[in-house]
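With the sequence shown counted from 1, adding 262 to any position gets you the numbering used here.
Since the structure comes first, as structure tokens, the remarks are kept for the end.
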Amino acid sequence: MQQTGKLKVSIKNNQNNVKIPSGIRLLIRRCCHAVLISEGFIKNAEVSVSFVSNQEIRQLNKTYRDKDSVTDVLSFPLTSADGTQEIDTETGYVLLGDVVISIETAMKQANIYGHSLEREIGYLTVHSMLHLLGYDHETSPLDERIMREKEESVLEKLGISRELTFVTPSEESNS
């Protein structure tokens, strides 16, 4: 397996509408790490992932993208357009950026697409990590295809299928 640097993933739940299922934090860390491996990123790095409500992601989408609508995920890369990376002066880690996921929209999309919430969050995490590394599916059909292929490749390597679920009968009864 290819080596990477250390990865610090800060995960915050900034909403109260949906309980975050057990195993999601580990899944997010695995997805972030797998993207860095697949892209040959070998530096120490840091990324922040936050769960927010539809209301909050709509406001962020309006503020930063001038789109007054709810979306599933937003990525805020800290690497500049010329490729200059922001470095944490205390740790020396590359600050990749922030990922913001609407857990409500992720749940809705999982239902629409017929797969688990875990699979949807895994996909959104991989998708966003690729954005943090400079990929953009909105620039051209070719760039979109490249990004989609990378997403599916990482998810496949992680064994994340459309049927993935971490919920066991005992966990279901505790909800």
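Every residue gets a Cβ at the ideal spot worked out from N, C-alpha and C, and that includes glycine.
8 Å Cβ cutoff met for residue i and residue j
i: residue 316; j: residue 267; result: no
i: residue 271; j: residue 309; result: yes
i: residue 392; j: residue 359; result: no
i: residue 279; j: residue 366; result: yes
i: residue 388; j: residue 311; result: no
i: residue 296; j: residue 419; result: yes
Straight-line gap, residue i to residue j (C-alpha atoms, nearest Å)
i: residue 289; j: residue 421; result: 11 Å
i: residue 320; j: residue 354; result: 33 Å
i: residue 328; j: residue 413; result: 26 Å
i: residue 273; j: residue 287; result: 7 Å
i: residue 291; j: residue 322; result: 24 Å
i: residue 293; j: residue 416; result: 8 Å
i: residue 399; j: residue 370; result: 22 Å
i: residue 364; j: residue 302; result: 29 Å
i: residue 376; j: residue 351; result: 44 Å
i: residue 402; j: residue 396; result: 14 Å
i: residue 282; j: residue 326; result: 26 Å
i: residue 404; j: residue 345; result: 21 Å
i: residue 408; j: residue 284; result: 32 Å
i: residue 304; j: residue 349; result: 14 Å
i: residue 300; j: residue 332; result: 30 Å
Own chain partners of residue i with C-beta closer than 7 Å, once the 5 adjacent residues on each side are dropped
i: residue 250; result: For the chain, the structure presents residues 263 to 437; residue 250 sits outside this window and is missing.
i: residue 338; result: 359 and 360
i: residue 368; result: 334, 379, 382, 383 and 386
Cβ of residue i within 8 Å of any chain D Cβ
i: residue 279; result: No chain D is present in this structure, which holds just one protein chain.
Cutoff 6 Å; reference residue i; Cβ partners in own chain excluding five residues on either side
i: residue 347; result: 341 and 356
i: residue 406; result: 399
i: residue 223; result: Lying outside 263 to 437, the shown extent of the chain, residue 223 is not represented and no answer is given.
Beta-carbon proximity list for residue i, same chain, < 8 Å, skipping 5 on both sides
i: residue 330; result: 320, 323 and 324
i: residue 410; result: 399
Problem set entry | Length-filtered (4 minimum) alpha helix (DSSP H) runs lying within the stretch 324-401 | Listed in chain order, they are 365-375 and 379-394.
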